[in-house]
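Q: First residue of the first sequence? That's 1 in full-length UniProt numbering, and the numbers climb one at a time after it.
One structure coming up, written as structure tokens, with questions to follow.
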Amino acid sequence: MKDFPLRDLNPAQQEAVVYCEGPLLVLAGAGSGKTRVITYKYAYLTKSKGLLPSSIFTVTFTNKAADEMKERIFKMCNGNWKNTWIGTFHSLCVRILRAHIDNIGYKRDFIIYDDDDQAGLIKRILKDLNMHEALCKCVVTKISNLKSNLITPEDYISNIEGYEFEERLGRIYMRYQNELKRYNALDFDDLILCVIKLFNENEDLLRRYSEQFKYILVDEFQDTNKSQYMLLQLLCRYHKNICAVGDDDQSIYKFRGANIHNILNFEKDFPDTKIVKLEQNYRSTKHIILASSAMISRNTMRKPKILWTERDWGEKIFYCQLNNEEEEAKYIAKNIKELYLKGDYEYKDFAILYRLVLQARALEEALRMEGIPYQVISGVSFYHRKEIKDVLAYMRFILNKEDNVSLMRIINTPPRGIGASAISKIESEAKKYMISTFEAIKRIIKEDTVSATLKEKLVSFVTLIDELSEKDYKDAASMIKDILNFTGYLEEIEEDRIQNVLEFLSSAEKMPVREFLDKVALFSNVDTWENKKNYVSLLTLHAAKGLEFPVVFIAGCEEGILPYFKALEDPFELQEERRLFYVGMTRAKNLLFITSVKQRKLYSKVQKQETSSFIKDIPPEYCICIRKDYSTFAPNKKEPETSKIKPPFVIGCKVKHPTWGVGVVRDCYGEGDDLKVIVNFPGIGIKKLAPKIVNLERV
DNA sequence: GCACACGCCTTTTTT
DNA sequence: AGGCGTGTGC
Ligand SMILES: Nc1ncnc2c1ncn2[C@@H]1O[C@H](COP(=O)(O)OP(=O)(O)OP(=O)(O)O)[C@@H](O)[C@H]1O
Numbered sequence: 001m002k003d004f005p006l007r008d009l010n011p012a013q014q015e016a017v018v019y020c021e022g023p024l025l026v027l028a029g030a031g032s033g034k035t036r037v038i039t040y041k042y043a044y045l046t047k048s049k050g051l052l053p054s055s056i057f058t059v060t061f062t063n064k065a066a067d068e069m070k071e072r073i074f075k076m077c078n079g080n081w082k083n084t085w086i087g088t089f090h091s092l093c094v095r096i097l098r099a100h101i102d103n104i105g106y107k108r109d110f111i112i113y114d115d116d117d118q119a120g121l122i123k124r125i126l127k128d129l130n131m132h133e134a135l136c137k138c139v140v141t142k143i144s145n146l147k148s149n150l151i152t153p154e155d156y157i158s159n160i161e162g163y164e165f166e167e168r169l170g171r172i173y174m175r176y177q178n179e180l181k182r183y184n185a186l187d188f189d190d191l192i193l194c195v196i197k198l199f200n201e202n203e204d205l206l207r208r209y210s211e212q213f214k215y216i217l218v219d220e221f222q223d224t225n226k227s228q229y230m231l232l233q234l235l236c237r238y239h240k241n242i243c244a245v246g247d248d249d250q251s252i253y254k255f256r257g258a259n260i261h262n263i264l265n266f267e268k269d270f271p272d273t274k275i276v277k278l279e280q281n282y283r284s285t286k287h288i289i290l291a292s293s294a295m296i297s298r299n300t301m302r303k304p305k306i307l308w309t310e311r312d313w314g315e316k317i318f319y320c321q322l323n324n325e326e327e328e329a330k331y332i333a334k335n336i337k338e339l340y341l342k343g344d345y346e347y348k349d350f351a352i353l354y355r356l357v358l359q360a361r362a363l364e365e366a367l368r369m370e371g372i373p374y375q376v377i378s379g380v381s382f383y384h385r386k387e388i389k390d391v392l393a394y395m396r397f398i399l400n401k402e403d404n405v406s407l408m409r410i411i412n413t414p415p416r417g418i419g420a421s422a423i424s425k426i427e428s429e430a431k432k433y434m435i436s437t438f439e440a441i442k443r444i445i446k447e448d449t450v451s452a453t454l455k456e457k458l459v460s461f462v463t464l465i466d467e468l469s470e471k472d473y474k475d476a477a478s479m480i481k482d483i484l485n486f487t488g489y490l491e492e493i494e495e496d497r498i499q500n501v502l503e504f505l506s507s508a509e510k511m512p513v514r515e516f517l518d519k520v521a522l523f524s525n526v527d528t529w530e531n532k533k534n535y536v537s538l539l540t541l542h543a544a545k546g547l548e549f550p551v552v553f554i555a556g557c558e559e560g561i562l563p564y565f566k567a568l569e570d571p572f573e574l575q576e577e578r579r580l581f582y583v584g585m586t587r588a589k590n591l592l593f594i595t596s597v598k599q600r601k602l603y604s605k606v607q608k609q610e611t612s613s614f615i616k617d618i619p620p621e622y623c624i625c626i627r628k629d630y631s632t633f634a635p636n637k638k639e640p641e642t643s644k645i646k647p648p649f650v651i652g653c654k655v656k657h658p659t660w661g662v663g664v665v666r667d668c669y670g671e672g673d674d675l676k677v678i679v680n681f682p683g684i685g686i687k688k689l690a691p692k693i694v695n696l697e698r699v
């Protein structure tokens with residue numbers, strides 16, 4: 001224990017790290033160092049308790065968080081271990097299933113269906129049952145909720161009371177599971193459920209893994225669902241060495257099945273749980289902590305918490321109401337620019353948070369106008385783009401001819417004249433003979449039951465697939481290359497999509513095909529976050545969980561947006577919206593800006609907006625109202641763009657100063673004698689200079 | 001009859 | 001940005 005850096009932790013954290021005699025729950029507010037406890041505990045277990053890295057099962061919320069944790073731990077322990085078990089529930093489960101899923105009747109090369117694929121399959125089933133495809137979304141959520149609550153189709157069907165919709169849902173659910181199995185595919189929920197099933201049906205395997213995993217660590221425990229909790233309980237059947245950390249005030253994924261009772265009932269399910277509370281916040285200023293704590297305390301059904309800090313008061317929270325979303329975006333962009341030019345912050349220190357993905361548009365536009373580099377982290381993630389999913393569907397179908405969802409995606413992509421009527425012919429053939437869709441195509445060709453032109457098209461499709469299937473690909477990239485060459489896909493799509501596909505291709509280099517597919521399936525938005533690059537981050541409040549930024553903007557704090565209008569009636573959902581706002585506020589280290597607008601264009605209507613009721617719950621002494629009016633800036637031209645007329649000093653160019661030497665120009669403004677240039681001199685800092693007074697040489 | 005291109009509509013949050 | 005429905009052209 002001698003070289004273990006316990007001094008980086010406060011006494012409560014130390015207690016949580018060294019306590020290893022049974023279940024431990026760290027229940028604490030935002031920024032109190034919960035994640036740090038997990039990281040240090042891992043290091044402590046290996047260094048001081050002699051546990052192998054492979055014997056600590058560590059669950060994080062995102063892959064990104066897992067990577068960062070690994071990096072920290074490796075640094076602390078001077079290790080670079082191969083065999084660690086640090087990851088999300090889903091990726092850890094995939095790893096177990098790849099080794100043993102044959103025990104429960106799947107093949108080990110199963111594929112993972114993401115929500116698109118899931119929706120694709122549900123749509124097909126709905127169509128087949130003559131039901132409206134618009135029900136798809138609703139059905140997908142319902143089924144996912146049933147699954148994350150460990151309710152099988154059989155359970156569900158035997159418990160329904162005969163309402164028509166329930167009865168149909170039961171049939172769809174049953175059918176859905178059967179089809180998945182036939183395709184050798186698992187959806188996200190199955191990944192967890194199958195491990196539970198595996199352990200329940202194979203006591204010896206459970207025993208083996210419980211012996212291997214001597215300790216279980218869980219971060220962001222408040223957002224686990226019932227099945228994930230069940231899995232943890234199974235892994236703890238033979239020992240109670242589990243440490244879960246979380247904050248009930250930050251539970252924001254109920255819509256995805258997260259169950260806040262997991263954290264509230266932990267003590268009951270694990271008798272003799274030790275509870276550690278962390279009360280010192282290391283992240284934020286006093287103003288931010290007091291304001292957010294007061295705001296969240298308006299929720300009922302929560303465990304009260306104390307949070308304090310040694311940091312000073314800092315600035316008050318800035319609140320500003322603008323006229324519309326464009327002005328809001330402009331206000332945010334201007335503030336970022338101003339703070340950046342003052343030199344205290346880099347672009348990567350800023351985050352703009354919002355409730356709805358569609359809010360990002362106006363923000364992006366304003367940042368572009370100001371020439372501020374940014375990255376959008378929420379929204380359609382890279383691997384979900386149509387052009388990427390199309391190529392992925394080829395890859396998966398080549399590996400697995402049972403995968404009807406992927407087949408449906410590629411059968412006429414790029415367009416090859418196999419349209420809706422041809423497809424329905426194929427489908428009915430498949431149904432009639434109980435064969436896979438691809439078999440059905442082959443049968444149609446053999447039996448010669450369609451027109452010559454269609455037959456020809458089908459033959460060339462089958463040939464294409466057969467050719468692609470023959471090769472032994474050395475990595476995912478070479479497979480993608482073949483797909484692109486053989487199908488001519490790139491010729492059919494626009495330039496920016498081509499760029500995406502090429503980027504996709506290069507990300508596949510030297511990756512084994514199946515490993516690549518797994519990685520892609522489990523990839524999330526936040527995983528694309530480049531926290532080392534100097535970009536302003538734009539992300540949803542959900543995606544911001546667990547992150548921190550020196551300067552945070554929360555945009556669109558209006559009734560109907562935050563809280564979202566669909567949550568207004570249900571008090572539980574309303575409380576979740578408040579937690580979402582709490583998560584947003586507590587991401588800020590130094591400065592917090594909150595904005596709302598008077599009217600907003602939403603869903604192609606202009607609406608009058610009221611300020612969010614949550615803002616009224618921030619005590620006025622912690623907050624100042626900024627009055628800004630951007631409406632005088634005509635939207636058509638001038639004013640902010642004077643920066644265009646500034647000959648010699650362009651942002652990014654290098655200049656030489658008589659005393660400070662060479663520096664990089666960060667910005668300049670003003671004209672003629674008033675011209676000011678902002679320069680960053682390495683090692684010296686940022687200076688505002690007037691070329692009229694001091695001689696600045698371009699180099 | 002069938003496929004495809006264009007334009008209109010809608011968008012909570014996501015592993 | 002993507003899905004869906006409609007009109008056009010083969
Ligand atoms: N004992 C400590 N001394 C100094 N800094 C600390 C200490 N503990 C945590 N920190 C810092 O405080 C910040 C918040 O820590 P961490 O992310 O672990 O908190 P958390 O409780 O997981 O937060 P949240 O629940 O809001 O995601 C981090 O920047 C971390 O480095």
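All C-beta atoms in this analysis are idealised placements derived from N, C-alpha and C, irrespective of residue type, glycine included.
No experiment lies behind these values; they were computed from the predicted model shown.
So, at 8 Å on beta carbons, what are the nonlocal neighbours of L9 in its own chain, with the 5 sequence-adjacent residues on each side left out?
A: Your numbering for residue 9 matches position 9 in the first sequence. So the qualifying residues of the chain are V17, G33, R36, V37, Y40.
Q: What are the start and end residues of the beta strand (DSSP E) that includes N590?
A: Position 590 of the first sequence, counting from 1, holds the residue named residue 590. First-last of the beta strand (DSSP E) with N590: 588–597.
Q: Should D472 be labelled buried (16 or more other beta-carbon atoms within 10 Å of its own) or exposed?
A: As a position in the first sequence, residue 472 is number 472, starting the count at 1. D472 is exposed by the Cβ-count criterion.
Q: Quick one: residues in its chain with C-beta nearer than 6 Å to the C-beta of G87, no 5 flanking neighbours on either side, listed in chain order?
A: Counting from 1 along the first sequence, the entry for residue 87 is found at position 87. Closer than 6 Å at the Cβ level, and outside the excluded window around G87, lie A66.
Q: Just list the beta strand (DSSP E) runs in the stretch 200–279, keeping only unbroken ones of 3 residues or longer that don't cross its boundaries, in chain order.
A: 215–218, 242–246, 274–276
Q: Can you have a look at residue 700 and say buried or exposed, based on whether 16 or more other CB atoms are within 10 angstroms of its CB?
A: The requested residue 700 is not part of the displayed model; the chain covers only 1 to 699.
Q: Comparing the CB of Y282 with every heavy atom of ligand 1, is any distance shorter than 6 Å?
A: Counting from 1 along the first sequence, the entry for residue 282 is found at position 282. Yes, since a heavy atom of ligand 1 falls inside the 6 Å radius drawn around the Cβ of Y282.
Q: Might you give, ordered along the chain, the residues of its own chain that have their beta carbon closer than 8 Å to the beta carbon of I96, omitting 5 neighbours on each side?
A: Taking the first sequence and counting its residues from 1, the one referred to as residue 96 is at position 96. Here the set comprises V195, L198, Y209.
Q: Rounded to a whole number of angstroms, what is the C-alpha to C-alpha distance between K274 and A362?
A: Counted from its first residue, the first sequence places residue 274 at position 274. Counted from its first residue, the first sequence places residue 362 at position 362. Note on geometry: alpha-carbon atoms of K274 and A362 lie some 48 Å from one another.
Q: Sorry if obvious, but does the Cβ on D570 come closer than 6 Å to a heavy atom of ligand 1?
A: For this step, residue 570 is matched to residue 570 along the first sequence. Because no heavy atom of ligand 1 lies under 6 Å away, the Cβ of D570 does not count as near it: no.
Q: Between D312 and ligand 1, is there a pair consisting of the residue's CB and a ligand heavy atom that are separated by less than 6 Å?
A: For the purposes of this step, residue 312 is taken as residue 312 along the first sequence, with counting starting at 1. Short note on D312: C-beta not closer than 6 Å to any heavy atom of ligand 1.
Q: Go ahead and label M479 buried or exposed: buried means 16 or more other beta carbons lie within 10 angstroms of its beta carbon, across all protein chains shown.
A: On the first sequence, position 479 is the one that residue 479 refers to. The residue in question, M479, is buried, as its Cβ has 16 or more Cβ neighbours within 10 Å.
Q: Measure from the alpha carbon of P619 to the alpha carbon of each residue in V662, I317, K474, then state which is nearest.
A: One-based indexing of the first sequence puts residue 619 at position 619. Closest option to P619, Cα to Cα, is I317.
Q: From the DSSP output, which residues share a beta bridge with I498?
A: Along the first sequence, one-based indexing puts residue 498 at 498. For I498, DSSP records no beta bridge to any residue.
Q: Rounded to whole angstroms, what is the Cα-Cα separation between F593 and E328?
A: As a working mapping, residue 593 is identified with position 593 in the first sequence. As a working mapping, residue 328 is identified with position 328 in the first sequence. Answer to the nearest angstrom: the Cα atoms are 11 Å apart.
Q: Within this structure, are the beta carbons of Y535 and Y383 separated by less than 7 Å?
A: Residue numbering aside, residue 535 sits at position 535 when the first sequence is read from its first letter. Residue numbering aside, residue 383 sits at position 383 when the first sequence is read from its first letter. Not closer than 7 Å, so no.
Q: Compute the Euclidean distance between the alpha carbons of G560 and Q609, then round it to the nearest angstrom.
A: To locate residue 560, count along the first sequence from 1; it is residue 560. To locate residue 609, count along the first sequence from 1; it is residue 609. Roughly 8 Å separates the two Cα atoms.
Q: Does the beta-carbon distance from N113 to D189 come in below 7 Å?
A: What you label residue 113 is simply residue 113 of the first sequence in a count that begins at 1. What you label residue 189 is simply residue 189 of the first sequence in a count that begins at 1. According to the sequence provided, residue 113 is Tyr. The question's Asn does not apply to it. Not closer than 7 Å, so no.
Q: Tell me the DSSP secondary structure of R108 in three-state form.
A: Your numbering for residue 108 matches position 108 in the first sequence. Residue state, collapsed to three classes: coil.
Q: Exposed or buried, what is P53 when buried is set at 16 or more other beta-carbons lying within 10 Å of its beta-carbon?
A: As a first step, residue 53 must be located in the first sequence, where it is residue number 53. Buried, because 16 or more other Cβ atoms sit within 10 Å of the Cβ of P53.
Q: Taking the alpha-carbon positions, what's the P11 to Y354 distance?
A: Counting from 1 along the first sequence, the entry for residue 11 is found at position 11. Counting from 1 along the first sequence, the entry for residue 354 is found at position 354. Straight-line Cα distance between these residues: approximately 36 Å.
Q: Are the stretch 114–132 and the stretch 79–93 touching by the rule of at least three beta carbon pairs closer than 8 Å?
A: When Cβ pairs closer than 8 Å are counted between the two stretches, the stretch 114–132 is seen not to touch the stretch 79–93, the count staying below three.
Q: Can you say whether R396 is buried or exposed, counting buried as having 16 or more other CB atoms within 10 angstroms of its CB?
A: As a position in the first sequence, residue 396 is number 396, starting the count at 1. Buried, by the Cβ-count rule.
Q: Of the choices N103, S55, F614, A28, whose alpha-carbon is the least far from that of E203?
A: On the first sequence, residue 203 is found 203 positions in, with the first residue counted as 1. Closest option to E203, Cα to Cα, is N103.
Q: Can you tell me which of the three DSSP states I160 falls into?
A: In the first sequence, residue 160 corresponds to position 160, counting from 1. It is coil, neither helix nor strand.
Q: First and last residue of the alpha helix (DSSP H) that includes C93?
A: To locate residue 93, count along the first sequence from 1; it is residue 93. Counting along the chain, the alpha helix (DSSP H) containing C93 begins and ends at 89–100.
Q: What is the rounded straight-line gap between the Cα of Q212 and the Cα of V59?
A: Here residue 212 refers to the residue found at position 212 when the first sequence is read from its first residue. Here residue 59 refers to the residue found at position 59 when the first sequence is read from its first residue. Roughly 16 Å separates the two Cα atoms.
Q: Taking the alpha-carbon of L205 as reference, which of G419, I101, P5, L193 has the nearest alpha-carbon?
A: Translated into the one-based positions of the first sequence, residue 205 becomes position 205. Nearest option by C-alpha distance: I101.
Q: Which whole-angstrom value describes the C-beta separation of I498 and L505, a residue pair presumed to lie in contact below a C-beta threshold of 8 Å?
A: Against the first sequence, residue 498 aligns to sequence position 498. Against the first sequence, residue 505 aligns to sequence position 505. So it is not a contact: roughly 10 Å between Cβ atoms.
Q: Please identify the residue among I465, V583, S55, L522 whose C-alpha is closest to the C-alpha of I242.
A: For the purposes of this step, residue 242 is taken as the residue at position 242 of the first sequence. For the residues I465, V583, S55, L522, the minimum Cα distance to I242 belongs to S55.
Q: Kindly examine ligand 1 and report whether one of its heavy atoms sits closer than 6 Å to the Cβ of R36.
A: By one-based count along the first sequence, residue 36 stands at place 36. Yes, ligand 1 has a heavy atom inside 6 Å of this Cβ.
Q: Using the three-state DSSP reduction, which class does T300 fall into: helix, strand or coil?
A: Reading the first sequence from its first residue, position 300 is the one you call residue 300. In the three-state DSSP reduction, T300 falls in the coil class, being neither helix nor strand.
Q: In its own chain, which residues sit with a C-beta less than 6 Å from the C-beta of R409, not counting the 5 before and 5 after it?
A: The count along the first sequence starts at 1 and reaches residue 409 at position 409. Excluding sequence neighbours, R409 sits near A393.
Q: Suppose the cutoff is 6 Å on Cβ atoms and the five residues either side in sequence are ignored; what does the same chain contact list for F553 look like?
A: Position 553 of the first sequence, counted from the start, is the residue given in the question as residue 553. So the qualifying residues of the chain are I332, I352, F593.
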